[in-house]
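Participant: Take this structure, written in structure tokens, and hold onto it; I'll ask about it next.
Chains as they are written, first to last, in this note's numbering: chain R, 950 to 1570; chain X, 789 to 1061.
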């Protein structure tokens, strides 16, 4: 039997003890003593969320594919376990070997959203690893961060030894080899970090100095070590079929958020929505081949025993072999009690036909993401979804038996006017009218339309990275204006409107575009008890505001300030593929309400072509 | 595995069926589910050496092959011991369950100071004509008599595994051997112990009508002794689950392990059920 780090008394007194015992189906089992490198992979949120993340599963499987590495996992202990570990002074441990994380060579932390930053500190703290890179010794693990938030790593700079910019499949091998070489030479931690800094895509924050102007903006950002490059270029997989993928995903004992096989069909997006960070940093679009996906779908269903498979990507309707893939899967799962969970597809005749085959039409709902209420604003954000397409799609769906519609919007995007805001209600109303205009015998009795709006948070490496964010008060004013508009609609009884937390979006805005001066605020908020900030019940805005106050940092500097196009941005040292010139061009086109065609309609010259693959070369073989 | 709740164990076995390519039957409807039912849910924190689940299959290999296939995709701590064929007319295990055996061992450091006095009290407790306890119900608490629902309650000598049993008396040790000889204790293999040691054996009524949990009996015993039952005093393991086939007399019991109701499938050709 595997030993457990915790005894029954602890495990049986917390919620979901299975979060802490490991032992899941397809878990890697190795003898740590025979390994050159022990890597602990962390998702800084609760087990059920972390286990649902595809990226970690890929890297976990890939690292364990090496004979000299044992990759294990750790997730944020929930608040009940957090309390017990502190009370009893038990160091945080990895699930596989149940050994303390501090004894590992590496602690890799994925940064998927800004609101997990305090949990990063929780992980370090519970592991008994010094929070600051500068305080770590030869005995401490190398702490490395990756994921989309690493595209602006600055608010976390003091806490990490290395950031990995880009897709994880490419240079970890080089990093491990450098580590082994250093270890056998008896090299120091600093020497290893210098070697790491020379590997493409890796950023060692300690090797850079920042100076500031009197107005608070960045004056200069320069390497202070000859091994550190001026620019760090993102890493990416050029040919998706050559990249590592999982044949045997982990199967948790308890129900996790993504309790199914996840098949990544493509990476990147051709659409170019101007608010979307993922759509920019994952450029260019790269597809998997149909044969590859068929093969992996079958293997993963077999090795996991999952009863559901879902297709994962941005804008899945753009996958060129989607009909073939779906018809293969439909055949494959027939009679096996396996469901296909469809990603949100563009609603058209094809998707409605597929949806009617895989889900109960009466119970399922249609999802549209217009993101803005008016055509004018949709042109500003480059969301190529027209009112006509929405209404036609909805009409076809209603004729097909659907009667529930979800509409997703964002409030507070650049140039938004009151008309644009009210447009959310008008568009929802038009969908309802489309339903009631149909003859009674051709549709269900009643329609239910749920519109939700989140608040816009400008993100690095998007054309809106210069945009002014709304204040909390302004966000709420807009949400209430929309709410009131809904009440005036003729079919108000069929419409429902929800909006998100405003103060959370403001804080997310600070962390997303923050610089190194935000780091002390995160640490102070953590010291004051902030953790699991993305969980509504745990988020305490007052505590954060007190932390800003205590550190003398003004959150407004990062959110509501107008940024000059020539300002040095904290993330300018990263080359994410999309050039700053392109982003500026798109920012200008946005203000001119000019749509930019998608990558398949015409190249917009974003800069990602230099990577030499994907959609940029689709018709040029 | 003792940390995984019953619903998750069910989900776990549904996935085992798919991984092992068991040709299990599905219900109809828009979201078909596997025809599978468990004899008796096991509480979180309990070990077990005898859980049963019924499945319906369209076709099957031999028992030995099916056991092999399922164990090949099992995680540590869970093992299929036996796979047996039931008649199509057989009642479900769930509806047949009548009794279960439990071994309760003291967790290390939780043994009573005077073991002999403890077991003497246990004997007096079980010898009572009535054992009234308060049982929580939906509408509050009500008194019930535990006595007729406890079929056996005694001191046993529990050994962790088979090897230890065959190696006895070496393994049993001097005090254990003396105990075995003098008190004529039964010896039982149980995962509830790590070392051969004294333990409580319980056979209690189990099922949908009168389900007696071992904690309830131990709580009553400690009340009887005038002691507080501290949490985590015992590690319990369920050892067997029984059906009652009834006796010739009116109220006599004829308990048989559920295992005995099925028959081994010997031939290796897949045959349709």
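Think of the CB as a built atom: it goes at the ideal place given N, C-alpha and C, for glycine as much as any other residue.
What you are looking at is a predicted structure, and each value in this text was computed from that prediction instead of being measured.
Please name the residues in the segment 1347-1369 of chain R whose beta-carbon is closer than 9 angstroms to at least one beta-carbon of chain X, in chain order.
Facilitator: none
Participant: Is the beta carbon of residue 1023 of chain X sitting closer than 7 angstroms to the one on residue 980 of chain X?
Facilitator: yes
Participant: Can you tell me the Cα-Cα spacing of residue 1034 of chain X and residue 799 of chain X, whole angstroms?
Facilitator: 34 angstroms
Participant: Residues of chain R with a CB under 7 angstroms from the CB of residue 818 of chain X: which are they?
Facilitator: One finds 1309 in chain R with Cβ atoms closer than 7 angstroms to the Cβ of residue 818 of chain X, taken in chain order.
Participant: Starting from residue 1533 of chain R, trace the alpha helix (DSSP H) in both directions and tell me its first and last residue.
Facilitator: 1529-1540
Participant: If you draw a straight line from the C-alpha of residue 1061 of chain X to the C-alpha of residue 1260 of chain R, how long is it?
Facilitator: Because residue 1061 of chain X sits at a pLDDT of 47, beneath the cut-off of 50, its placement in the model cannot be relied upon, and the following sentence gives the value as read from the coordinates. In a straight line, the C-alpha of residue 1061 of chain X is about 36 angstroms away from that of residue 1260 of chain R.
Participant: Taking 7 angstroms as the cut-off, decide whether the C-beta atoms of residue 1523 of chain R and residue 1181 of chain R are in contact.
Facilitator: yes
Participant: Could you tell me the distance, in whole angstroms, from the CA atom of residue 815 of chain X to the CA atom of residue 1351 of chain R?
Facilitator: 25 angstroms
Participant: Starting from residue 1500 of chain R, trace the alpha helix (DSSP H) both ways and give me its first and last residue.
Facilitator: 1490-1500
Participant: Tell me, please, whether the CB atom of residue 958 of chain R is closer than 7 angstroms to any CB atom in chain X?
Facilitator: yes
Participant: With DSSP as the reference, please indicate the residues paired to residue 1236 of chain R in a beta bridge.
Facilitator: R:1215
Participant: Quick one: does residue 999 of chain R have its CB under 7 angstroms from some CB of chain X?
Facilitator: no
Participant: Is residue 1415 of chain R helix, strand or coil by DSSP?
Facilitator: Here residue 1415 of chain R sits in helix by DSSP.
Participant: What in chain X is Cβ-close to residue 972 of chain R, meaning under 9 angstroms?
Facilitator: 789, 863, 864 and 865
Participant: Give the DSSP bridge partners of residue 818 of chain X, in chain order.
Facilitator: In the DSSP output, where bridge partners are listed per residue, residue 818 of chain X has none listed.
Participant: Whose C-beta lies closer than 8 angstroms to the C-beta of residue 920 of chain X among residues of the same chain, with five residues either side of it excluded?
Facilitator: 931, 932, 933 and 934
Participant: Please tell me whether residue 1198 of chain R has its Cβ less than 7 angstroms away from any Cβ of chain X.
Facilitator: With 7 angstroms as the cut-off, residue 1198 of chain R does not count as an interface residue toward chain X.
Participant: Verify the CB distance criterion: does residue 792 of chain X have a CB-CB separation below 7 angstroms to chain R?
Facilitator: yes
Participant: At a CB distance below 9 angstroms, what residues from the segment 1259-1293 of chain R approach chain X? Give them in sequence order.
Facilitator: 1284, 1285, 1286, 1287 and 1288
Participant: Tell me the DSSP secondary structure of residue 1314 of chain R in three-state form.
Facilitator: coil
Participant: When the distance is taken between beta carbons, is residue 946 of chain X closer than 7 angstroms to residue 891 of chain X?
Facilitator: yes
Participant: To the nearest angstrom, how far is it from the Cα of residue 1319 of chain R to the Cα of residue 1331 of chain R?
Facilitator: 11 angstroms
Participant: Could you check the C-alpha separation between residue 1016 of chain R and residue 1567 of chain R for me, to the nearest Å?
Facilitator: 37 angstroms
Participant: Counting pairs of Cβ atoms below 8 angstroms between the segment 986-1000 of chain X and the segment 877-896 of chain X, do you hit three or more?
Facilitator: yes
Participant: Do residue 1090 of chain R and residue 1055 of chain R have their CB atoms nearer than 7 angstroms?
Facilitator: yes
Participant: Count the other CB atoms within 10 Å of the CB of residue 1298 of chain R; is the residue buried (16 or more) or exposed (fewer)?
Facilitator: exposed
Participant: Taking contact to mean 3 or more Cβ pairs, one atom from each stretch, closer than 8 angstroms, check whether the segment 1432-1445 of chain R and the segment 1471-1491 of chain R are in contact.
Facilitator: Flag = no, the segment 1432-1445 of chain R and the segment 1471-1491 of chain R do not touch.
Participant: Looking at the secondary structure, which residues open and close the beta strand (DSSP E) in which residue 999 of chain R lies?
Facilitator: Element bounds for residue 999 of chain R: not the beta strand (DSSP E) but the alpha helix (DSSP H), 996-999.
Participant: Under 7 angstroms, Cβ to Cβ, is there at least one residue of chain R near residue 811 of chain X?
Facilitator: It does not; no Cβ of chain R falls within 7 angstroms.
Participant: Provide the residue(s) that pair with residue 1444 of chain R in DSSP beta bridges, ordered along the chain.
Facilitator: DSSP output for residue 1444 of chain R lists R:1398 as bridge partner(s).
Participant: What number of angstroms, rounded off, separates the C-alpha of residue 1035 of chain R from the C-alpha of residue 1403 of chain R?
Facilitator: 36 angstroms
Participant: Only counting the same chain, and skipping five residues up and downstream in sequence, which positions put a Cβ closer than 7 angstroms to that of residue 1051 of chain X?
Facilitator: Short of 7 angstroms from the beta carbon of residue 1051 of chain X, and not among the five residues preceding or following it, lie these beta carbons of its own chain, in chain order: 872 and 873.
Participant: May I have the straight-line CA-CA distance separating residue 1419 of chain R from residue 1449 of chain R, to the nearest angstrom?
Facilitator: 14 angstroms
Participant: Could you give the uninterrupted runs of the alpha helix (DSSP H) lying entirely in the segment 1345-1405 of chain R, keeping only those of 4 residues or more?
Facilitator: 1367-1386
Participant: With 16 other CB atoms within 10 Å as the buried threshold, where does residue 991 of chain X fall?
Facilitator: buried
Participant: For the segment 1145-1155 of chain R against the segment 1168-1178 of chain R, are there 3 or more C-beta pairs whose distance is under 8 angstroms?
Facilitator: A contact exists between the segment 1145-1155 of chain R and the segment 1168-1178 of chain R.
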